[in-house]
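Right, one structure below, let's go through it.
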Ligand code: CTP
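Residue numbers (the working numbering): 838 to 1237.
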């Protein structure tokens, strides 16, 4: 079931460049089952149109105290709006809106709704880095926090001014993840970012041929589904696969080669809480990729191979706060080999599956796993579906 099913979210938009991302907030909220209404400040309309938001929310968008285009003006009831909402989310909150909220000013409908709302208020500030760092803004944020408002952190990176730093509005998916945590406080992976690699990788020999393996990606997709159901925000980096997932909390990033998978993981790793490497990454790739299809003129062909990057070992080296879980697919000396990998790659746990076990391994929908922790304690599980295995793996991770 979507994690915001039946929730009523009132989205207040103030006039900053980040307002162009608000349709994505609406879409992400809808995907999670929420109903959305929008109140805008007059200047927000310079950045995103009311028509776009009215079309997406399927509700009228309000920005003035009265509807003025009628002979009989209608009062837009700010009290009713606040009463309707389960949460008021103000995103983006500009410096001007933050200061008006802190001081109780009321010169637009959004501020009137804020002042009269009894529901929890979430605020996603967005401004240039020096404005954000200015003591007056920091003080306003403190004041709003003291009122019981939840002021979300800002993101870091390129700003509209051309400068780089802290001040960007949190990304739509991250904002929605905060609201999900609010409504589902008991989910064990609430607010956690989970990175999962899955599937095979294909290493090109020439434009039509590649070296690959039989991995289906099923285990990683099952892990992604379970992680999302437990409240996590999931990034699923997958090699070529037939598997599909449609879950608003799962961002799928499709890659082909080990190099592409490595780059995708490297980009995300620093913000991740839990990483699980379920991919069957090719250990070798052709030293050179032929630019044209190799003709079969020769009777023998030797392809020189070179090792790919070990993505999990890289994560083990970079690890700070992350919980890191690997897989070990073994055919002999299973426990011993898995424990060696756990130590060598600096992991917190490793999931062992043996190709000796009938019903385990590639392509099939079942698996037989053993979970080994860093202290070398071992837990065996019977043959079960990959989805059930995913539940068992997360039970182990949560208990770590
Ligand atoms: N792995 C990885 N990048 C690689 C190779 C492996 O991230 N280039 C990860 C796999 O996703 C898995 C773990 O490392 O979580 C172990 O993979 P496995 O193939 O069992 O072992 P290898 O390290 O490749 O060693 P070997 O092939 O010698 O068993």
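For each residue, glycine too, the CB sits at the ideal point set by N, CA and C.
Meets three-Cβ-pair contact criterion under 8 Å: the segment 973 to 980 and the segment 942 to 953: Contact fails between the segment 973 to 980 and the segment 942 to 953, because fewer than three Cβ pairs, one in each stretch, are under 8 Å apart.
Buried or exposed (CB count within 10 angstroms, at least 16 for buried), residue 1083: Label assigned to residue 1083: exposed.
Local conformation of residue 1160 per DSSP, three classes: In the three-state DSSP reduction, residue 1160 falls in the strand class (E or B).
Which residues DSSP lists as bridging residue 1144, in chain order: Residue pairing of residue 1144 in beta bridges, as defined by DSSP: 1121.
Residue 921 and residue 844 closer than 7 Å at C-beta: No, Cβ-Cβ distance for residue 921 and residue 844 is not below 7 Å.
CB-CB length for residue 856 against residue 850, believed under 8 Å: With 8 Å as the limit, residue 856 and residue 850 qualify as a contact, their Cβ atoms being about 5 Å apart.
Anticipated Cβ contact below 8 Å, residue 1213 with residue 1181, distance rounded: A Cβ-Cβ distance of about 14 Å is found for the pair residue 1213 and residue 1181, leaving them out of contact under the 8 Å criterion.
Cβ pair count under 8 Å reaching 3, the segment 1217 to 1230 against the segment 1145 to 1160: The segment 1217 to 1230 vs the segment 1145 to 1160: no contact.
Buried versus exposed, by CB contacts within 10 Å (16 or more), residue 1132: Burial call: exposed.
The ligand CTP heavy atom lying under 6 Å from the CB of residue 1118: Checking the Cβ of residue 1118 against the ligand CTP gives yes.
Best match in 996, 1075, 1034 for proximity to residue 1005 [C-alpha to C-alpha]: Nearest C-alpha to residue 1005: 996.
Runs of beta strand (DSSP E) lying entirely within the segment 893 to 950, each at least 3 residues, in chain order: Here the runs fully enclosed are 924 to 930.
Inter-residue spacing [alpha-carbon to alpha-carbon] between residue 858 and residue 874: Between residue 858 and residue 874, the C-alpha separation is close to 16 Å.
Residue interval of the beta strand (DSSP E) (run including residue 997): No beta strand (DSSP E) holds residue 997; DSSP gives it neither H nor E.
Buried/exposed call for residue 1051, threshold 16 Cβ in 10 Å: Under this definition residue 1051 is an exposed residue.
Coil, strand or helix - residue 883 by DSSP: Residue state for residue 883 is assigned as helix, using DSSP reduced to three classes.
Beta-carbon gap between residue 1202 and residue 1222 smaller than 7 Å: Taking a C-beta distance under 7 Å as the contact criterion, residue 1202 and residue 1222 qualify as a contact pair.
Closer than 6 Å: residue 1199 CB and nearest the ligand CTP heavy atom: False, no ligand heavy atom lies under 6 Å from that Cβ.
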